[in-house]
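Structure, as structure tokens:
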Amino acid sequence: MAKWADYCVSKLSLNENGFIDNIIYCEDLGDSLGYKFERNRSWMVEQVSKGKTFCSIKSNEKGGWNNIGQFSYDGNIFSWKKVPKNITQRKTFISYYHYEDQDYKEKFKNLFGDLITHKSVEDCDIDSDNSDGYIKQLIQKGYLSDTTVLVVLIGPNTKHRKHIDWEISGALNYKVGDKYSGILGLKLPSHSDYATGHHHYDLLPDRVSDNLKSDYAIIRDWTDDRVKMQEYIELAFERRYTHSDNIDNTKKQMTENTNE
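Note that full-length UniProt numbering has the sequence shown beginning at 1, numbered continuously upward.
Encoded structure:
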């Protein structure tokens, strides 16, 4: 297939003056993309002077990449299609209802996997019939021990699942790591509140609702937009520092699923 450009940029960061500071890129090999590298603006200018070209890319639901537009350079300023920032990848645990929402968990991993350090429990990874044992295993196996953001994929039946409640409770436990996890709830298209601009507390997991009311957790609609998703994750991450006094983890943990 035809090359999109010589170099394909998936992330970049700007300096205080608004110019490119660094980029994450890979070489376009024609039928595939090469390894990822990090370079600065001076290197980019040098490459353009040699006739090399750049484009912006984004990951897709299948785990591949799409070209979203070419870079231009007028001798002073670069212009490009917006891509996520080249910043620290947050250690992110994905909490979801396996039976109904596995597809969205896979989409999340494929679309945003390079923006986070991904963690989630797959079927048969952990086996426990009580909340204390389950959370203990999550910590011992490294799922929650250093997680900094818990993302809850919220479908119509997420609120009824005890393991999701246990995962949220564990993430809000100060004994897990050196701080609590930030909480980001994502309303899936299957949820009745999706794209309505509001949410009903009784249609969300109770522990998410408690922390929305206290202004610790944040909730957003599912999006394929990599820039927006990175912004959501960063907002949840920052609330670990700015809103930790608002955490509400007082509700008794669920003992059974309520939709069976």
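Even for Gly, the Cβ is constructed at its ideal location relative to N, Cα and C. Please read these numbers as outputs of a predicted model, since none were measured by experiment.
Subject >> In DSSP terms, what Gln70 is bridged to >> reply: Position 70 of the sequence shown, counting from 1, holds the residue named residue 70. Bridge partners of Gln70: Cys55.
**OP:** Identify every run of the beta strand (DSSP E) within the segment 182 to 247, keeping only runs that are complete inside it and at least 3 residues long; order them along the chain.
**Re:** 182 to 187 and 218 to 221
Original post:
Between Asn130 and Asn259, is the Cβ-Cβ spacing less than 8 Å?
Top reply: Your numbering for residue 130 matches position 130 in the sequence shown. Your numbering for residue 259 matches position 259 in the sequence shown. For Asn130 and Asn259, no; Cβs fall outside 8 Å.
**OP:** To the nearest angstrom, report how far apart Arg207 and Arg226 are at their CA atoms.
**Re:** Translated into positions along the sequence shown, residue 207 becomes position 207. Translated into positions along the sequence shown, residue 226 becomes position 226. Approximately 27 Å, taken between the alpha carbons.
Original post:
What residues in its chain sit with their C-beta under 6 Å from that of Lys3, if we drop five residues either side in the sequence?
Top reply: The residue given as residue 3 occupies position 3 in the sequence shown. Counting only Cβ-Cβ distances below 6 Å, and skipping sequence neighbours, we find Asp28 and Gly30.
Original post:
Can we say the segment 84 to 96 touches the segment 221 to 241, given the rule of at least three CB pairs closer than 8 Å?
Top reply: yes
**OP:** Report the residue from Asn15, Leu14, Gln47 and Leu184 whose alpha carbon sits nearest the alpha carbon of Ala5.
**Re:** Working through the sequence shown from its first residue, we reach residue 5 at position 5. For the residues Asn15, Leu14, Gln47 and Leu184, the minimum Cα distance to Ala5 belongs to Gln47.
Subject >> Cα-Cα separation between Ser244 and Tyr180, rounded to whole angstroms >> reply: Within the sequence shown, numbered from 1, the residue matching residue 244 stands at position 244. Within the sequence shown, numbered from 1, the residue matching residue 180 stands at position 180. Between Ser244 and Tyr180, the C-alpha separation is close to 8 Å.
Original post:
Would a C-beta distance cut-off of 8 Å place Asp103 and Leu153 closer than the cut-off?
Top reply: What you label residue 103 is simply residue 103 of the sequence shown in a count that begins at 1. What you label residue 153 is simply residue 153 of the sequence shown in a count that begins at 1. Result no, Cβ atoms of Asp103 and Leu153 do not sit closer than 8 Å.
**OP:** Mark Pro189 as exposed unless 16 or more other C-beta atoms lie within 10 angstroms of its C-beta, in which case mark it buried.
**Re:** Along the sequence shown, one-based indexing puts residue 189 at 189. The residue is exposed, with fewer than 16 neighbouring Cβ atoms inside 10 Å.
**OP:** Check whether the segment 43 to 57 touches the segment 68 to 82, counting contact only when three or more Cβ pairs, one atom from each stretch, lie closer than 8 Å.
**Re:** yes
Subject >> Helix, strand or coil at Glu27 [DSSP, three-state] >> reply: If you number the sequence shown from 1, residue 27 lands on position 27. In the structure shown, the three-state DSSP call for Glu27 is strand.
Subject >> Residue from Asp193, His191 and Gly170 whose Cα sits closest to the Cα of Ile183 >> reply: Here residue 183 refers to the residue found at position 183 when the sequence shown is read from its first residue. The option with the nearest alpha carbon to Ile183 is Gly170.
**OP:** Please classify Leu14: is it buried, with 16 or more other beta-carbons within 10 angstroms of its beta-carbon, or exposed?
**Re:** Translated into positions along the sequence shown, residue 14 becomes position 14. Under the 10 Å beta carbon count, Leu14 is surrounded by fewer than 16 other beta carbons and is classified as exposed.
Original post:
How close, in whole Å, do the beta carbons of Leu186 and Asp193 come, if the pair is a contact with beta carbons under 8 Å?
Top reply: Indexing the sequence shown from 1 puts residue 186 at position 186. Indexing the sequence shown from 1 puts residue 193 at position 193. With a Cβ gap of about 11 Å, Leu186 and Asp193 do not count as contacting.
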